[in-house]
Structures are given as structure tokens and as C-alpha cells.
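> With the first letter of the sequence shown counted as 1, position 193 gets the number 193 in the working numbering; the numbers rise by one all the way through.
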Amino acid sequence: MPCCSKYRGTARLDGKTAIVTGSNTGIGKCTVLDFVKRGARVIMACRDMTKAEEAAREVRKQVEGVEGAGTVELVCLNLASLASVRQCAQELLQKLERIHLLVNNAGIMACPQGKTEDGFEMQFGVNHLGHFLFTCLLLPRIIRSAPARIVIVSSYAHEWGTMNFEDLNLEQSYTPWKAYCQSKLANVLFCKELGRMLQGTGVTTYSLHPGAVKTELQRHVDDMYFKGAAILTRAFASMFFKTPEGGAQTSIYCSVDEKLASETGLYYSDCRQKTPSSKACDPEAAKKLWELSVKMVGLGDWNPIIAGDNTQPS
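#1: Less than 7 Å between the beta carbons of A148 and H209, yes or no?
#2: Do L185 and A280 have their C-beta atoms closer together than 7 Å?
#3: Quick test of your reading: C46 and L79, contact by CB under 8 Å. State the CB separation rounded to the nearest angstrom.
#4: V36 and A56 - do their beta-carbons sit closer together than 7 Å?
#5: I need the straight-line Cα distance from I27 to N104, nearest angstrom please.
#6: Measure the Cβ-Cβ separation of P313 and V188 and say whether it is below 7 Å.
#7: Figure out for me which residue from V42, T162, G300 and G114 has the closest Cα to the Cα of K95.
#8: Where does A229 sit, in a helix, a strand or coil, going by DSSP?
#9: My output table needs one value for V126: the three-state DSSP class, helix, strand or coil.
#10: For C254, which option in Y268, D14, G247 and K242 has the closest C-alpha, if you only look at C-alpha atoms?
#11: So what does DSSP say about C269, is it helix, strand or coil?
#12: Please tell me whether M44 and S23 are closer than 7 Å, where the distance is taken between their beta carbons.
#13: Per the contact definition of three or more C-beta pairs closer than 8 Å, is the stretch 154-161 in contact with the stretch 241-259?
#14: Taking only three categories from DSSP, how would you classify R12?
#15: Between which two residues does the alpha helix (DSSP H) carrying Y253 extend?
#16: Quick one: give me the first and last residue of the beta strand (DSSP E) that Y206 is part of.
#17: Thinking G130 and M122 are a contact (beta carbons under 8 Å), I'd like their distance in whole angstroms, please.
#18: Tell me the rounded alpha-carbon separation between A110 and A179.
#19: Return helix, strand or coil for S238, following the three-state DSSP convention.
#20: What's the gap between the Cα of R86 and the Cα of G15?
#21: Are the C-beta atoms of P304 and some chain C residue less than 7 Å apart?
#22: Quick check on this structure: which residue in T204, A248, S173 and S183 has the alpha carbon closest to the alpha carbon of G211?
#23: If you draw a straight line from the alpha carbon of A261 to that of T204, how long is it in whole angstroms?
#24: Can you give me the C-alpha to C-alpha distance between W160 and E64, rounded to a whole angstrom?
#25: Comparing C-alpha positions only, which one of E53, N127 and A52 sits nearest to S81?
#26: Taking 7 Å as the threshold (C-beta atoms), are A89 and G70 in contact?
#27: Which residue comes first and which comes last in the beta strand (DSSP E) that contains C316?
#28: In terms of residue numbering, what span does the beta strand (DSSP E) encompassing C76 cover?
#29: Looking at the secondary structure, which residues open and close the alpha helix (DSSP H) in which A45 lies?
#30: Going by DSSP, which residues form a beta bridge with E319?
#31: Quick one: using the 10 Å Cβ neighbour count with 16 as the cut-off for buried, is Q182 buried or exposed?
Written as C-alpha cells, this is what we have:
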């Protein structure tokens with residue numbers, strides 16, 4: 001049976017501003033609800049604004065009468081478009097004086113082969129590159145807001161991932177699962193390198209496996225292997241999958257637990273630190289991924305770690 005125990009930490013987020021990507025459904029929505037109950041101002045960064053508005057209404061209704069509840073706001077973010085990422089980041093920087101918490105939660109899983117607006121393999125583009133650029137553009141403001149945290153939702157699937165640095169778009173050897181696992185390994189490596197680079201700034205990073213959660217993320221997986229798999233998945237979901245609320249617990253733990261304030265660049269599962277795959281512990285791979293990502297998203301020589309808060313890449 002899956003571990004679905006609820007995180008019991010009582011830390012408050014009063015006066016704090018949090019951004020959660022992909023938060024109109026599933027564990028992202030549950031993460032938002034928790035943060036609002038803790039008093040945070042939460043920005044839901046989502047692609048589908050109609051669904052996001054509906055989710056925001058539901059969250060507001062659930063916190064009616066909750067003493068000290070925070071607020072919910074919406075921004076449009078399409079991680080498959082670097083132009084959208086830049087526009088969203090600019091909008092947030094214009095309206096937010098501080099950013100104390102960024103949860104990179106959005107993701108796609110084992111979708112049919114496709115490319116982002118900028119020509120990148122879809123899963124690598126959305127799960128890693130979109131979040132990489134989004135994080136970098138917000139980073140000077142996050143550093144100014146320290147102490148602050150950046151939480152990256154990865155997956156146990158990173159264990160099967162390999163960084164194909166000679167063909168990151170997998171044009172020579174694409175399978176949906178191979179692409180997904182590579183993107184999740186990229187998440188853990190990004191967290192590791194970002195944590196190293198941010199040492200001494202007061203900003204800490206965390207990557208995590210949320211557990212097997214039956215959400216919309218599996219919409220492409222159910223019938224990927226054989227017809228009727230979706231029926232079997234639904235039949236066994238209650239036995240083997242966490243609820244979205246259960247899947248959100250490690251994200252919440254990494255975001256608010258006071259004991260983690262001195263930890264950075266590490267990987268977590270079921271509200272405890274875990275050792276990721278050996279490939280995810282390779283500092284040279286983490287550095288190489290960072291350097292290639294900078295080039296792919298067009299950051300040039302602009303360094304978000306040392307850039308002033310009022311500067312942006314040209």
C-alpha cells in the first residue's frame with residue numbers, strides 16, 4: 001500500500017509569496033491549498049486559464065472561514081513556449097516585490113513524440129527547459145527575498161533516465177518513456193547544480209519523488225502499452241496509487257519544514273531524504289546540463305546568480 005501519511009508540520013507562511021506551476025489540478029492544486037491555509041500569497045502559474053480559474057475558485061471556497069488564510073492569484077504560463085515563460089516571468093517581477101517559494105510542479109508524462117514551440121523534444125522542453133528558464137529569470141528576485149526555497153518535482157523514474165548529451169531531443173532514439181525518464185533525471189541534476197551555485201545566498205533547493213499518484217499526468221500512459229490498460233489502471237488505482245493530496249505531501253514538506261533550512265541540492269521521497277541514482281549524483285553531468293541549458297534557452301552570458309535584481313538577459 002502506498003504511503004499517504006499527511007505531513008504534520010505547522011510552519012506558517014504568513015507574509016510569504018509562493019509560486020506553484022501546473023497547479024490547476026492534482027498535486028499542484030493540493031499544494032496551493034496547503035500554502036493558502038498556512039497564510040501564503042500563492043500565484044498559480046498555469047497554461048489553461050479556464051481550468052486555473054475554476055481551481056482557484058475551489059481553493060478559495062475551501063478556505064472560507066479558515067483563520068489566517070492567504071490569497072490566490074493566477075498567471076498564464078505555457079512551459080512549451082520560451083516566449084510565454086519570459087512573458088510570465090516579466091509579469092511576476094513587475095507585481096511581486098518578493099518571491100519566497102517557487103515550486104516547479106508542472107509536467108507532462110510519456111506523451112506522443114512532439115516538439116515545443118522552440119523545437120525542443122516536448123518532455124525535455126516542458127519538464128526541464130521551461131522550468132530552467134523560468135527559475136533563472138526569477139532567481140535574482142528570489143535571492144533578494146532570502147531565506148527562500150526552490151522545490152523541483154521530479155520522479156523515481158529518474159532512476160531509469162540517461163542524459164543523452166549528444167542528442168537531448170532524442171531525434172535518433174525516441175520512446176515516450178525514455179524521454180520522460182531523461183527529463184526527470186534533468187530535474188534532479190538541475191536541483192543539484194542550482195543548490196551548489198546558490199550556496200551562501202540563503203536560497204535552498206530540493207528535488208523530490210511525489211510517489212505514484214493517479215492524476216491527469218498519466219493521461220498518455222494508460223493505453224500506451226496495450227488497449228484496455230486505462231481500465232486496469234482505474235481498477236487498481238485505489239490500491240497502488242496515492243491520492244493527489246498524498247502525493248503533495250513531500251512537496252509541502254520540502255517547502256515549509258524548518259529542519260530542511262540548512263539542506264540544499266538533495267532529493268526526497270515520502271517526506272524524508274533519499275539517495276537518488278548514481279547518474280543523478282554526477283557533478284560533471286549536472287554542470288554540463290546547466291551549461292547546455294543556458295545555451296538552449298538563450299541566456300547567453302547573463303548569470304542569474306550574480307545579476308542584480310533589476311537586470312534581465314538581453
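C-beta: ideal position from N, C-alpha, C; glycine also.
Computed from a predicted structure; not experimentally measured.
Answer, in terms of the structure:
#1: The residue given as residue 148 occupies position 148 in the sequence shown. The residue given as residue 209 occupies position 209 in the sequence shown. No, the pair does not count as a contact, with Cβ atoms beyond the cut-off.
#2: Here the question's residue 185 lines up with position 185 in the sequence shown. Here the question's residue 280 lines up with position 280 in the sequence shown. In contact: L185 and A280 (Cβ atoms closer than 7 Å).
#3: As a working note, residue 46 is residue 46 in the sequence shown. As a working note, residue 79 is residue 79 in the sequence shown. Contact doesn't hold; Cβ gap of about 10 Å is too wide.
#4: Here residue 56 refers to the residue found at position 56 when the sequence shown is read from its first residue. Here residue 36 refers to the residue found at position 36 when the sequence shown is read from its first residue. No, the pair does not count as a contact, with Cβ atoms beyond the cut-off.
#5: As a position in the sequence shown, residue 27 is number 27, starting the count at 1. As a position in the sequence shown, residue 104 is number 104, starting the count at 1. Those two C-alpha atoms are separated by around 12 Å.
#6: Taking the sequence shown and counting its residues from 1, the one referred to as residue 313 is at position 313. Taking the sequence shown and counting its residues from 1, the one referred to as residue 188 is at position 188. Not in contact: P313 and V188 (Cβ atoms no closer than 7 Å).
#7: To locate residue 95, count along the sequence shown from 1; it is residue 95. Out of V42, T162, G300 and G114, V42 has the C-alpha closest to the C-alpha of K95.
#8: The residue given as residue 229 occupies position 229 in the sequence shown. Confidence is the limiting factor: at A229 the pLDDT is only 45, short of 50, which leaves the residue's position unreliable and the question unanswerable from this model.
#9: Locating residue 126 in the sequence shown gives position 126, counting from the first residue. DSSP places V126 in helix when its eight states are reduced to three.
#10: The residue given as residue 254 occupies position 254 in the sequence shown. Of the listed residues, the one whose Cα sits closest to C254 is Y268.
#11: Here residue 269 refers to the residue found at position 269 of the sequence shown. Before going on, a small fix: residue 269 reads as Ser here, not Cys. Strand, per DSSP.
#12: Mapped onto the sequence shown, residue 44 falls at position 44. Mapped onto the sequence shown, residue 23 falls at position 23. Yes, the pair counts as a contact, with Cβ atoms nearer than the cut-off.
#13: no
#14: In the sequence shown, the residue the question calls residue 12 occupies position 12. It is coil, neither helix nor strand.
#15: Here residue 253 refers to the residue found at position 253 of the sequence shown. First-last of the alpha helix (DSSP H) with Y253: P244 to V256.
#16: Your numbering for residue 206 matches position 206 in the sequence shown. Its beta strand (DSSP E) spans residues V203 to H209.
#17: Taking the first residue of the sequence shown as position 1, residue 130 is located at position 130. Taking the first residue of the sequence shown as position 1, residue 122 is located at position 122. The pair is not a contact, with the Cβ atoms about 10 Å apart (cut-off 8 Å).
#18: Here residue 110 corresponds to residue number 110 of the sequence shown, with the count starting at 1. Here residue 179 corresponds to residue number 179 of the sequence shown, with the count starting at 1. Near 7 Å, if we compare the C-alpha coordinates of A179 and A110.
#19: Numbered from 1 along the sequence shown, position 238 holds the residue referred to as residue 238. Low confidence applies to S238: its pLDDT is 49, below 50, so where it sits in the model is not reliable enough to give any reading.
#20: As a first step, residue 86 must be located in the sequence shown, where it is residue number 86. As a first step, residue 15 must be located in the sequence shown, where it is residue number 15. Using only the alpha carbons, I get a separation of about 26 Å.
#21: As a matter of chain content, chain C is missing from the structure shown, which is built from one protein chain.
#22: Indexing the sequence shown from 1 puts residue 211 at position 211. When only C-alpha atoms are compared, the closest one is A248.
#23: The residue you call residue 261 lines up with position 261 of the sequence shown. The residue you call residue 204 lines up with position 204 of the sequence shown. Roughly 7 Å between the two C-alpha positions.
#24: Within the sequence shown, the letter at position 160 stands for residue 160. Within the sequence shown, the letter at position 64 stands for residue 64. Near 43 Å, if we compare the C-alpha coordinates of E64 and W160.
#25: As a position in the sequence shown, residue 81 is number 81, starting the count at 1. The candidate whose alpha carbon is nearest that of S81 is N127.
#26: To locate residue 70, count along the sequence shown from 1; it is residue 70. To locate residue 89, count along the sequence shown from 1; it is residue 89. Their beta carbons are not under 7 Å apart, which means G70 does not touch A89 by this criterion.
#27: This structure leaves residue 316 out entirely; the chain is present only between 1 and 314.
#28: Locating residue 76 in the sequence shown gives position 76, counting from the first residue. Looking at the DSSP string, the run of the beta strand (DSSP E) that includes C76 is T71 to C76.
#29: The sequence position of residue 45 within the sequence shown is 45, counting from 1. It is not in any alpha helix (DSSP H) - A45 instead sits in the beta strand (DSSP E) that spans R41 to C46.
#30: No answer is possible for residue 319: the residues shown for the chain start at 1 and end at 314.
#31: Translated into the one-based positions of the sequence shown, residue 182 becomes position 182. Classification for Q182: buried.
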